[in-house]
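Residue numbers (this note's numbering): 6 to 88.
Note that the Cβ used here is the ideal one computed from N, Cα and C, for glycine as well.
Worksheet: one structure, shown below.
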C-alpha cells in the first residue's frame, strides 16, 4: 500500500519545515526521515498532526519522510538546500 501524501512546507527547506497531515486529528505517531541511500537520519515519536522539523543539521540533498499515525502511513519527499 502506498503512503498517503504528507504536506511539507517550505520545500525546499533550509533550517526547518512544517509537516502536516490534515486528514487526521492529533494521535500518537512515529516520524522517520531517510536520506536517498536509505539511512535513517531522524526519528521521533509524535502526538500531534503537525510537526516542525529542524533541518539545520541536515546536509543538502533529498530526504524521504514517513509518518505513521495510527494505522495510516503518510509520506513525502523533502529537499534541503544549504546556501
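When only Cα atoms are considered, residue 8 and residue 78 end up about 5 Å apart. In the structure shown, residue 16 adopts coil according to DSSP, grouped into three states. Under the 10 Å beta carbon count, residue 28 is surrounded by fewer than 16 other beta carbons and is classified as exposed.
Around the beta carbon of residue 36, a 10 Å sphere encloses 16 or more other beta carbons of the protein chains shown; the residue is thus reported as buried. For residue 44, no beta strand (DSSP E) segment is defined, and its DSSP state is neither H nor E.
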